[in-house]
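Asks: Residue numbers (the working numbering), protein chains in the order written: chain A, 4 to 121; chain B, 11 to 467. Pasting a structure here, questions to come.
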Amino acid sequence: MNKILVVDDDTDILGLVEIMLNSNNYSVKAISRWQEIDSSINIFQPDLVLLDVSLGGADGREICKGIKMAKETKNLPVILFSANPDMGKFIEDCQAQSFIPKPFEIKYLLNTIQSFLN
Amino acid sequence: MSIRKKLILMQVFTSVLVLVIMFLVFIITDVKAFKQRKVNSVRSIAQVIGTNSISAIQFQDEAAAMEMLNQLHKVSPDITQAAILNSKGQVFAQYSPKDTAALEVPAFMKDSAYLFTKNRLLVTYPIVSSNEVIGKIFLVVQLNELKQITWNKYRLAILLLIVAIGFTFLIANIIQKYISRRLLMLVNTMKKVNRTGDYSTPLVDEGKDEIATLITVFNRLMAQITENVKKKDEFIGIASHELKTPLTTVKGYIEMLKMMEHEAPKKQFVDSAFKNVLKLEDLVKDLLDVSKIESGQLQLEMEEFDVSRLLEETIASAQMISATHEILREGEIKEEMICGDRKRIEQVLINLLSNAVKYSPGEKEVIVTLQKNEKELVIRIRDFGIGVPEDEHELIFDRFYRTKGSSVHISGFGLGLYICRDIIRRHGGKIWIESKEKGTIFNFSLPITGQTQQVAQ
């Protein structure tokens with residue numbers, strides 16, 4: 004079972020994504036505080052990170068850059084998602100694998116995630 | 011009348027008025043001086059004749075007096091009539107050309123007086139011998155010379171006036187530019203701002219007068235508007251982000267329910283909830299698009315694609331949503347490659363197709379055609395619905411415009427056609443509407459590949 008770390012400061016969306024992914028046979032850890040990302044990656048060891056861009060005090064793009072910079076996590080796939088569709092322009096800059104604009108269709112979310120898991 | 015013409019006219023009028031008054035004063039004083047000189051000279055002539063005729067009167071020598079008057083006429087031809095009167099006022103001797111009326115001395119004229127009639131000067135002068143008035147001289151002078159001089163002066167004045175008007179016109183034309191140029195600049199900028207909605211460029215002016223104040227106030231207003239527009243765009247950006255966040259959750263849960271639910275009535279509720287969430291999503295997308303258009307951030311992602319195929323796909327998906335209408339494709343169907351933003355063209359098509367369905371309730375058909383000429387592709391979407399009145403043909407492409415007097419309830423912000431027009435214009439194409447006896451045709455054109463370039467707006 005693939006493990007996915009979901010980060011979003013909106014707990015409603017967090018709950019939704021958790022249920023969506025759980026019901027499609029993913030193991031999910033959902034966190035709303037960006038400060039917990041590093042420790043969560045260490046303990047949970049996810050196969051993929053689904054990361055919101057505006058995280059209330061932090062920028063998902065910067066966090067993504069940080070993940071890609073660190074030796075042990077540089078191969079960890081990161082998918083950004085945001086209600087601002089313009090954020091899609093920045094995925095190359097912060098080396099994210101993909102971008103999902105909100106609101107999204109379940110099928111689209113699942114397909115995108117699956118395409119980055121072997 | 012333009013401000014330019016008014017300024018010139020004002021200056022020319024002022025100059026003409028001043029000059030006319032000046033010329034009149036000069037001519038009147040001149041004529042007056044001339045008359046005074048004439049009177050003085052005639053009076054001195056009369057004095058000389060008077061002195062010389064004392065003996066002729068005393069000795070009643072009429073012949074001598076006549077001779078003297080004849081001599082006078084030879085010396086001063088403008089003295090046309092002359093007479094010597096005795097102390098009782100009776101004519102003693104006179105000279106008068108044959109063709110003129112008999113000489114008459116006006117009774118009211120005293121011994122020493124002068125009188126200007128229409129073009130004659132009448133002068134009387136007393137003949138005094140040993141402090142006693144023994145008679146008087148009466149002279150009539152023709153004033154043709156005065157008439158000539160006056161006429162000459164008027165002619166000169168008119169000539170000078172014309173020259174002056176010419177010069178004033180030239181000078182006024184130069185001076186007015188300083189005022190009108192700046193006003194025209196302001197007016198043109200205002201017109202431009204009105205047309206383009208670009209409030210960002212301030213006017214430059216180095217003057218210190220009221221026009222400068224006007225320009226400063228205008229600039230300040232423009233700055234305020236720019237600031238407000240920026241705030242509004244930011245607000246729309248934030249608002250659409252804020253709306254999308256809860257929408258994501260609602261949409262997600264409904265979608266999950268939709269997948270799980272198979273019982274007929276419950277499925278209907280969920281379907282309906284999901285349909286409305288999609289509507290809400292479209293509204294938010296429209297708001298965001300308008301905000302992008304207004305702030306100039308709407309960018310096209312150009313690629314080469316087959317319009318004909320896009321048309322087929324869009325009609326198919328529109329057909330799936332509409333159970334009431336049949337969307338028909340007419341004409342020959344073959345590949346038509348074009349360079350443009352596929353997603354945005356699709357957005358335009360969806361918008362026009364859903365309008366066609368929405369505004370033709372009770373009808374069954376919407377007809378789509380794709381035509382090609384040497385320069386462009388024209389896509390026509392024909393409905394048989396309520397139609398659009400002629401006077402609204404331009405207005406319906408405006409922001410927030412909602413058709414008036416329609417019996418159909420219309421949802422949405424009234425932004426769809428505004429967005430469509432912007433997208434088509436950015437592709438270098440046109441969008442327009444034709445009214446038919448029944449219903450409407452929406453047309454839009456796209457330049458054929460090789461000519462399509464993203465048009466900066």
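Note that the Cβ used here is the ideal one computed from N, Cα and C, for glycine as well. On a predicted model such as this, the values are computed, not experimentally measured, just so you know.
Using 7 Å as the limit for Cβ to Cβ distance, is B/His251 near chain A?
Replies: Closer than 7 Å to some Cβ of chain A, the Cβ of B/His251 qualifies, so yes.
Asks: Between which residues of its own chain and B/Lys254 is the CB-CB distance below 7 Å, once the five residues before and five after are set aside?
Replies: Cβ neighbours of B/Lys254 beyond the five flanking positions: Val294.
Asks: Flag this pair as touching only if the stretch 127-145 of chain B and the stretch 170-181 of chain B have three or more C-beta atom pairs under 8 Å; answer yes or no.
Replies: Too few Cβ pairs lie closer than 8 Å, so no.
Asks: Output needed for B/Val367: all residues of its chain with C-beta closer than 6 Å, excluding positions within five of it in sequence on either side, in chain order.
Replies: Closer than 6 Å at the Cβ level, and outside the excluded window around B/Val367, lie Ser332, His335.
Asks: Report the start-end ranges of each beta strand (DSSP E) in the stretch 296-383 of chain B that is 3 residues or longer and not cut off at the edges.
Replies: Complete beta strand (DSSP E) runs here, min 3: 313-316, 336-340, 347-350, 375-382.
Asks: Could you check which residue in B/Ala92, B/Tyr124, B/Val115, B/Gln91 has the C-alpha nearest to that of B/Lys98?
Replies: Nearest C-alpha to B/Lys98: B/Val115.
Asks: Listed in chain order, which residues of the stretch 75-96 of chain A have Cβ atoms closer than 7 Å to some Cβ of chain B?
Replies: Against chain B - using a Cβ distance shorter than 7 Å - the residues of the stretch 75-96 of chain A are Ala86, Asn87.
Asks: Can you tell me the Cβ-Cβ gap for B/Leu362 and B/Ile343, rounded? I've got them flagged as a contact below 8 Å.
Replies: At roughly 19 Å, the Cβ-Cβ gap does not stay under 8 Å, so B/Leu362 and B/Ile343 are not in contact.
Asks: Taking the straight line between their C-alpha atoms, what separation do you get for B/Glu220 and B/Asn286?
Replies: C-alpha separation (whole angstroms): 57 Å.
Asks: B/Lys446 versus chain A: which residues are under 9 Å apart at the beta carbon?
Replies: In chain order: nothing, as chain A lies at least about 38 Å away.
Asks: Mapping DSSP to helix, strand and coil, what is B/Gly60?
Replies: In this structure, B/Gly60 counts as helix in the three-state DSSP scheme.
Asks: Please determine, among B/Val388, B/Val214, B/Lys201, the residue with the shortest C-alpha to C-alpha distance to B/Ser455.
Replies: Selected option, being the one with the closest Cα: B/Val388.
Asks: So which residues of chain B does A/Ile16 contact, with C-beta pairs closer than 8 Å?
Replies: Thr255, Thr258, Thr259, Gly262, listed in chain order.
Asks: Got a sec? Which residues, its chain only, sit under 8 Å from B/Glu314 by beta carbon, not counting five neighbours each side?
Replies: Correct list, in chain order: Met347, Ile348, Cys349, Thr459.
Asks: At a Cβ threshold of 7 Å, is A/Ile109 touching chain B?
Replies: Closer than 7 Å: yes.
Asks: Give the DSSP bridge partners of B/Asn96, in chain order.
Replies: Per DSSP, B/Gly145.
Asks: Output the distance between the C-alpha atoms of B/Met78 and B/Leu156, rounded to the nearest integer angstrom.
Replies: Going from the Cα of B/Met78 to the Cα of B/Leu156 covers about 26 Å.
Asks: Buried or exposed: A/Ser43, going by 16 or more other Cβ atoms within 10 Å of its Cβ?
Replies: So A/Ser43 counts as buried.
Asks: Establish whether the CB of B/Glu265 and some CB of chain A are separated by less than 7 Å.
Replies: With 7 Å as the cut-off, B/Glu265 counts as an interface residue toward chain A.
Asks: How is the beta strand (DSSP E) around B/Leu132 delimited, first residue to last?
Replies: Segment 130-139, the beta strand (DSSP E) holding B/Leu132.
Asks: Compare the C-beta of A/Asp13 against all C-beta atoms of chain B and say whether one is closer than 7 Å.
Replies: Yes, its Cβ sits closer than 7 Å to a Cβ of chain B.
Asks: On a CA-only basis, which of B/Asp351, B/Pro212, B/Glu304 is nearest B/Gln234? Give me that one, please.
Replies: It is B/Pro212 whose Cα lies nearest to the Cα of B/Gln234.
Asks: How is the beta strand (DSSP E) around B/Pro457 delimited, first residue to last?
Replies: Per DSSP, B/Pro457 belongs to the beta strand (DSSP E) from 450-457.
Asks: Are the CB atoms of B/Leu193 and B/Ile13 nearer to each other than 7 Å?
Replies: In this structure, B/Ile13 lies closer than 7 Å to B/Leu193 by Cβ.
Asks: Could you say which of B/Ile37, B/Val280, B/Gly145, B/Phe126 lies nearest to B/Gln57 if we only look at CA atoms?
Replies: If we check each option's Cα against that of B/Gln57, B/Gly145 comes out closest.
Asks: What residue range is occupied by the uninterrupted beta strand (DSSP E) comprising A/Ser101?
Replies: Residues 101-104.
Asks: Would you call B/Trp161 buried or exposed, if buried means 16 or more other Cβ atoms sit within 10 Å of its Cβ?
Replies: When all chains shown are included, B/Trp161 counts as exposed.
Asks: From what residue to what residue does the beta strand (DSSP E) around A/Ala33 run?
Replies: A/Ala33 -> beta strand (DSSP E) spans 30-34.
Asks: Using C-beta distances below 8 Å, list every residue in its chain close to B/Val26, excluding the 5 sequence neighbours before and after it, in chain order.
Replies: So the qualifying residues of the chain are Leu171, Ala174, Ile175, Thr178.
Asks: May I ask which residues mark the beginning and end of the beta strand (DSSP E) holding A/Leu113?
Replies: That residue, A/Leu113, is in no beta strand (DSSP E); its alpha helix (DSSP H) goes 109-118.
Asks: Determine the contact status of B/Phe33 and B/Ala167, defining contact as a CB-CB distance below 7 Å.
Replies: Against a cut-off of 7 Å, the Cβ pair of B/Ala167 and B/Phe33 comes out as a contact.
Asks: Could you tell me the alpha carbon to alpha carbon distance between B/Ser318 and A/Asp96, rounded to whole angstroms?
Replies: Computed Cα separation, rounded: 36 Å.
Asks: With 7 Å as the limit, tell me which residues of the stretch 279-308 of chain B have their beta carbon closer than that to any beta carbon of chain A; keep them in chain order.
Replies: Answer set for the stretch 279-308 of chain B: Glu291.
Asks: DSSP three-state call for B/Glu444: helix, strand or coil?
Replies: Strand.
Asks: Reducing DSSP to helix, strand and coil, say where A/Asp55 ends up.
Replies: It is a strand residue.
Asks: From which residue to which residue does the beta strand (DSSP E) around B/Asp393 run?
Replies: First-last of the beta strand (DSSP E) with B/Asp393: 386-393.
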